[in-house]
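Colleague: Just passing along the structure, written as structure tokens.
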Amino acid sequence: MNGTLQRKTDLDTPCLVLDLDILDQNLRKMQALTERAGKRLRPHAKTHKCSLLARRQMEIGAIGICAAKVSEAEALCRAGIENILITGPVVTKQKIARLVALRAKAPSLMVVVDHPVPIDLLSAALGDQGLTMDVLLDVDIGLHRTGVSPAESSAPAELSAPAELSAPNGVINLADHILAHSNLRLRGIQAYAGQVQHIHSYNDRKNGSHQCLQKATGIFHALQTKVPTCTVFSASGTGTSDIDLDIPELTELQAGSYACMDAEYLAIGSAEDNSRFTAFGPALRLLTTVVSVNQDGYVTVDAGLKALYRDGAVPQIINPEYAGLQYDWFGDEYGRVTGSGSVGMPPLGAVLELVTSHCDPTINLFDRYYVTQGPEVVDTWSIDLRGCSQ
């Protein structure tokens with residue numbers, strides 16, 4: 051730790067800070083919630099992009115880590131984390147070759163599949179190396195982004211691999227296709243309802259999530275009857291984490307944002323208060339400095355589009371003395387802070403603390419976290435999965 055950076059006020063801006071006390075509260079609360087419900091937690095590293103934080107989650111009790119892309123999984127493996135689930139499809143020969151090379155280093159690596167063509171390619175690549183691999187069948191429960199439709203078809207169980215990536219032929223038929231490959235082991239299903247995570251009303255979100263997951267529970271039962279190794283039902287997210295624990299078939303949660311939190315999640319309702327999300331606190335903050343006070347009615351700060359991803363809710367200023375002021379983007383390099391007149395504008399050089407709009411893509415803009423306890427900077431953590439988008 052550089053001796054000149056011992057206090058938060060010494061940090062150059064814009065920069066990301068993690069409040070260690072709030073972070074650990076979030077991690078321990080989610081772990082306790084899942085354990086009390088008899089479930090397991092497999093947090094998603096696509097949020098925090100940090101192998102040190104992923105290791106902290108596993109030390110607290112997580113069974114493994116989710117990664118969105120092969121490159122994220124490679125970075126996690128380099129950091130010594132091997133129990134990884136890649137939650138997105140891997141379909142090209144070159145990326146499947148990387149996946150197989152990673153599987154040689156990480157025996158517990160899993161990947162989701164949703165189409166016969168990449169299943170065949172994966173099996174062939176594994177066969178060339180004399181390897182086997184665990185897979186989850188990705189079920190589309192309404193997001194319509196990836197996954198096979200839960201609706202059954204009358205297509206025969208024996209599928210011939212088509213020349214191009216066309217629509218899959220039903221969940222059970224795809225399971226049969228996996229089982230036809232002796233070096234692939236079907237371990238269960240993934241069913242992610244991303245479309246309901248930010249529904250504001252708690253009751254509407256609960257009803258929506260349960261309706262989505264019910265599409266997958268029958269599939270899970272059918273696969274369990276057919277395949278003894280099918281024991282994993284991986285699903286959920288931060289916005290429905292407490293809700294989805296009520297689903298008996300669910301075995302593991304994939305929540306990610308709960309560790310850091312952002313303005314978008316904090317604005318949704320909770321069981322205790324339908325006006326705000328009370329389950330987890332804003333551990334992640336962005337520091338930005340007032341760099342110009344020459345205009346009437348607003349000041350300019352040094353965090354713009356390159357430091358704060360523009361998506362979802364507006365970043366929230368949380369300095370108590372500036373409560374009521376509003377941030378807005380003001381170009382690539384700058385932001386604009388305005389107020390109602392009842393709160394004085396911050397002076398030149400003042401440092402504002404913001405809850406980010408959307409934590410995942412904002413984190414991907416930075417190289418490191420400054421870890422703080424109160425006013426002190428106690429550590430720096432590399433965002434070593436930054437840019438791992440392949």
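For the sequence shown, our numbering gives the first residue as 51, with consecutive numbering after it. Quick reminder that beta carbons are idealized off the backbone N, C-alpha and C, glycines included. A quick note: this is a predicted structure, and the numbers were derived from the prediction, not measured.
Just mark P218 as buried or exposed, buried being the case when its beta carbon has 16 or more other beta carbons within 10 Å.
Modeller: Confidence at P218 is low in this model, with a pLDDT of 36, below 50, so the placement of that residue should be treated as unreliable; the coordinate-derived value is given next. Classification of P218: buried, given that the 10 Å Cβ count is 16 or more.
Colleague: Can you tell me where the alpha helix (DSSP H) with I222 in it begins and where it stops?
Modeller: Residues V221 to L229.
Colleague: Kindly give me the distance between the Cβ atoms of L236 and V277, rounded to whole angstroms, as I take these residues to be in contact under 8 Å.
Modeller: Confirmed, about 5 Å.
Colleague: Unbroken beta strand (DSSP E) runs of length 3 or more, entirely within the region 71-121: which are they?
Modeller: For the region 71-121, whole beta strand (DSSP E) runs of length 3 or above, ordered along the chain, are 115-117.
Colleague: Please list the terminal residues of the continuous beta strand (DSSP E) segment that includes C65.
Modeller: Taken as a continuous stretch (DSSP letters only), the beta strand (DSSP E) holding C65 covers C65 to D69.
Colleague: Decide if L398 is buried, meaning its Cβ has at least 16 other Cβ atoms within 10 Å, or exposed.
Modeller: It counts as exposed.
Colleague: Which runs of the beta strand (DSSP E) fall wholly inside the region 156-188 and span at least 3 residues, in chain order?
Modeller: Those beta strand (DSSP E) runs which fall completely within the region 156-188 and span 3+ residues are 160-163 and 183-188.
Colleague: Quick one: Cα of P168 to Cα of I136, how far?
Modeller: Each residue's alpha carbon lies about 14 Å from the other.
Colleague: Using the rule of at least 16 other Cβ atoms within 10 Å of the residue's Cβ for burial, across every protein chain shown, is Q240 buried or exposed?
Modeller: Classification of Q240: buried, given that the 10 Å Cβ count is 16 or more.
Colleague: Just to confirm, are P370 and L404 a CB contact at a threshold of 8 Å?
Modeller: No, the pair does not count as a contact, with Cβ atoms beyond the cut-off.
Colleague: Compute the Euclidean distance between the alpha carbons of N414 and Q345, then round it to the nearest angstrom.
Modeller: Computed Cα separation, rounded: 32 Å.
Colleague: Can you give the beta carbon distance from D434 to C100, rounded, assuming they're within the 8 Å contact cut?
Modeller: Their Cβ separation, rounded to whole angstroms, is 7 Å, which keeps D434 and C100 in contact under 8 Å.
Colleague: Is it a yes or a no for the region 317-333 touching the region 372-388, going by three-plus beta-carbon pairs under 8 Å?
Modeller: No: the two stretches stay apart, fewer than three of their Cβ pairs being nearer than 8 Å.
Colleague: Which residue comes first and which comes last in the alpha helix (DSSP H) that contains G138?
Modeller: That residue, G138, is in no alpha helix (DSSP H); it is neither H nor E in DSSP.
Colleague: Leaving out five residues before and five after E124 in sequence, what residues of the same chain have Cβ atoms less than 8 Å from its Cβ?
Modeller: The residues are R148, L152 and C438.
Colleague: How many Å lie between E85 and I318 at the Cα?
Modeller: Rounded to the nearest angstrom, the two C-alpha atoms are 24 Å apart.
Colleague: Compute the distance between the beta-carbons of L263 and D294, then report whether it is under 8 Å.
Modeller: Yes, the pair counts as a contact, with Cβ atoms nearer than the cut-off.
Colleague: Could you tell me the distance, in whole angstroms, from the CA atom of T328 to the CA atom of I72?
Modeller: Cα to Cα, T328 sits roughly 13 Å from I72.
Colleague: Taking buried to mean at least 16 other C-beta atoms within 10 Å of its own C-beta, is Q261 buried or exposed?
Modeller: Q261 should be labelled exposed.
Colleague: Quick one: what's Q366 bridged to in DSSP?
Modeller: Partner(s): V405.
Colleague: Would you tell me roughly how many angstroms separate the C-alpha atoms of A174 and R255, rounded to the nearest one?
Modeller: Their backbone Cα atoms lie some 42 Å apart in a straight line.
Colleague: In angstroms with no decimal places, state the Cα-to-Cα distance between M108 and G244.
Modeller: Whole-angstrom Cα-Cα distance: 24 Å.
Colleague: Have a look at D292, V246, T63 and R106 and flag the residue whose alpha-carbon is nearest the alpha-carbon of L358.
Modeller: Minimum Cα distance to L358 is reached at T63.
Colleague: Taking 8 Å as the threshold (C-beta atoms), are R90 and T301 in contact?
Modeller: Cβ distance < 8 Å, so T301 and R90 count as in contact.
Colleague: With a cut-off of 8 Å on the beta carbons, I'd call K145 and V120 a contact; round off their distance for me.
Modeller: Confirmed, Cβ separation roughly 6 Å.
Colleague: Would you call the CB atoms of E322 and D352 closer than 8 Å?
Modeller: No, the pair does not count as a contact, with Cβ atoms beyond the cut-off.
Colleague: Should E314 and G362 be called a contact, given that it needs their Cβ atoms to be closer than 8 Å?
Modeller: Yes, Cβ-Cβ distance for E314 and G362 is below 8 Å.
Colleague: Tell me whether F270 sits in a helix, a strand or coil according to DSSP, three-state version.
Modeller: Residue state, collapsed to three classes: helix.
Colleague: According to DSSP, is T275 part of a helix, a strand, or is it coil?
Modeller: In this structure, T275 counts as helix in the three-state DSSP scheme.
Colleague: Round the Cβ separation of V163 and D188 to the nearest angstrom and send it over; I've been treating them as touching at under 8 Å.
Modeller: About 7 Å; that satisfies the 8 Å criterion.
Colleague: Quick check: what's the CA-CA separation for V246 versus S307?
Modeller: Cα to Cα, the separation comes out at about 14 Å.
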